[in-house]
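Chains as they are written, first to last, in the numbering used here: chain A, 18 to 206; chain H, 18 to 206. A quick write-up on the structure given underneath.
There are 2 protein chains.
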Amino acid sequence: MYDSLIRYFQSRAAIEKEQLDFICSRFSALKTKRNEILVRYDEICQHYYFVNKGCIRLFTINKEGIETSRFFAFEGSFGTALPSFIDQKPTFEYLQTIEKSDLLVISRTDFYQLVATIPAFAMIYREILELGFITAQKRIYGFQGFNALEKVQWIIANQPQFLLRVSNKMAASYLGITPSTLSRIKSKL
Amino acid sequence: MYDSLIRYFQSRAAIEKEQLDFICSRFSALKTKRNEILVRYDEICQHYYFVNKGCIRLFTINKEGIETSRFFAFEGSFGTALPSFIDQKPTFEYLQTIEKSDLLVISRTDFYQLVATIPAFAMIYREILELGFITAQKRIYGFQGFNALEKVQWIIANQPQFLLRVSNKMAASYLGITPSTLSRIKSKL
DNA sequence: AAAAAACGTTGACATAGGACAATCTTTATA
DNA sequence: TATAAAGATTGTCCTATGTCAACGTTTTTT
């Protein structure tokens, strides 16, 4: 059950078996259904999630009822509503498994205790933040000044599996275009 | 000279005088002119900058010659081309002081040494990353699905001094609209 | 298994905001 | 200080993409 998680850590830091076992012991398994909501709009996010199987989506719905997807975590990666997890303020977004999923969950308390006590864990978390920051920056640059076709080409180049894995509607809401426009672009390659 | 920097640290962590002095000793002063470039497009970013006075801008120019501004650091905050600073790959962007500025500069080597040896410094860096991440996310949400007027209203609400401090052209390139459009919107409030 | 709901695709039409250009103003340079 | 260069503003026109609707398909619910 912890194979993928252990691989995640071992590939990122030299870390002793004993510490690794301790880290794993803080994670518990969670099986979810398609479209199951993990964190609601006005809740405060208390957990960090690792995806063994399936996919987590982070999205919000504005006052006009329009969805915007911000982040997708697929197999072998971490995901949560990080701003809320960090600041302990309401998420103003939803965390959802868009497919039947197997997750590993750690509480915020345990998570920050690991950060505080295990330097290798703190380092990995710092790298997650650094990478998250870089990804967000690339997305800002990537989308600023791109037209709809360029956005689609960008996502195909940067996350080839994305359009195959995610519904037309969700993909459109991630790219910041309408489902109609995405559909039209796909039909022309 | 280090007043503002010291205040920055003291307001964020309990930190001993001796360590604070050591941290400050790793920063050196740098005076720059208006529109002076600190890091060029194909360079690798080797420094972290603290703004005592003035303003740093991070921007890129695409193949069509269009500028996109990604980040502005004003008095009392840190700024650098973080993705390049972290990964040591070319920035593909420019770091520039848009006004005559007084900066404090620390080398990447010294910076990461402080991160490795001074837990309070590591914690503050982690908080910078967390905050940067959150800011980037807000910007993605904020701009996705906003029209030009809403973007301008957003920046007025979130960074009231922004439009007053930054040129029309730079502000437009941050908001992802043309200078003409920004100009028209401002003229209608 | 049938009915209902959600989603995907495609057409017709409307519009926000981009492109370009003219003019004025501010900033840089000689 | 004079001249040149860059930026700001505003007009006209045009296009990419949004909106809305119709229809077929897939998914969910009963």
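All residues carry an ideal CB built from backbone N, CA and C; glycine is no exception.
Given this structure, state the Cα-to-Cα distance separating residue i from residue j, to the nearest angstrom.
i: Thr195/H; j: Lys186/H; result: 8 Å
i: Arg43/A; j: Tyr25/A; result: 15 Å
i: Ile202/H; j: Thr85/H; result: 19 Å
i: Ile123/A; j: His64/A; result: 6 Å
i: Gln161/A; j: Val132/H; result: 33 Å
i: Asn164/H; j: Ala90/H; result: 25 Å
i: Val68/A; j: Val183/A; result: 16 Å
i: Gly93/A; j: Gln176/A; result: 15 Å
i: Ile78/A; j: Lys70/H; result: 40 Å
i: Leu199/A; j: Arg87/A; result: 17 Å
i: Ile23/H; j: Leu192/H; result: 33 Å
i: Tyr129/A; j: Lys155/H; result: 23 Å
i: Leu166/A; j: Leu146/A; result: 30 Å
i: Asn52/A; j: Glu144/H; result: 32 Å
i: Ile141/H; j: Cys41/A; result: 27 Å
Comparing alpha-carbon positions, which option in the options lies nearest residue i?
i: Asp127/H; options: Leu148/H, Leu146/H, Phe102/H; result: Phe102/H
i: Lys80/A; options: Leu55/A, Glu110/A, Ala133/A; result: Glu110/A
i: Ile120/A; options: Asp38/A, Ala31/A, Asn175/A, Ser45/A; result: Here residue 120/A is Leu; the residue named in the question, Ile, does not match the sequence. Residue Ser45/A is the option with its Cα nearest to Leu120/A.
i: Lys117/A; options: Ala174/A, Arg74/A, Leu199/A; result: Arg74/A
Quickly, what does DSSP pair residue i with across the bridge? List them, please.
i: Ile78/H; result: Glu84/H
i: Lys70/A; result: Asp119/A
i: Ala90/A; result: Ile73/A
i: Ser197/H; result: Per DSSP, none; premise fails for Ser197/H.
i: Tyr111/H; result: Phe76/H
i: Ser45/A; result: Val122/A
I want to verify the contact list: residues of chain H whose CB lies under 9 Å from the CB of residue i, in sequence order.
i: Arg87/A; result: Gln154, Ile157, Tyr158, Gln161
i: Arg143/A; result: Val132, Ala139, Tyr142, Arg143, Leu146
i: Ile123/A; result: What Ile123/A touches in chain H: nothing, since even the nearest Cβ is about 17 Å away.
i: Thr135/A; result: Strictly speaking, residue 135/A in this sequence is Ile, with Thr absent from that position. Chain H residues near Ile135/A: none, gap ~13 Å exceeds 9 Å.
In chain H, what lies closer than 7 Å to residue i by C-beta?
i: Thr77/A; result: Tyr158
i: Gly149/A; result: Phe150
i: Gly193/A; result: Gln161, Gly162
Excluding five sequence neighbours on each side, which residues of the same chain lie with their C-beta closer than 6 Å to the C-beta of residue i?
i: Val56/A; result: Cys62, Ala98, Thr108, Leu112
i: Leu47/A; result: Leu120, Val122
i: Thr49/A; result: Thr114, Ser118
i: Gln105/H; result: Ile61
List, in chain order, every chain A residue whose beta-carbon is nearer than 9 Å to that of residue i.
i: Leu99/H; result: Glu147, Phe150, Ile151, Gln154
So which residues on chain H does residue i lean against when the C-beta distance must stay under 8 Å?
i: Gly71/A; result: Residues of chain H passing the Cβ test: none, with the nearest at roughly 22 Å.
Can you find the residues in the same chain that come closer than 8 Å, C-beta to C-beta, to residue i, ignoring five residues on each side of it along the sequence?
i: Ala137/A; result: Phe26, Ala30, Ala31, Ile32, Gln36
So with CB distances below 8 Å, who are the chain A contacts of residue i?
i: Ile61/H; result: None at all; the shortest Cβ gap to chain A is about 14 Å.
i: Ile173/H; result: The contacting residues do not exist; Ile173/H stays about 19 Å from chain A at best.
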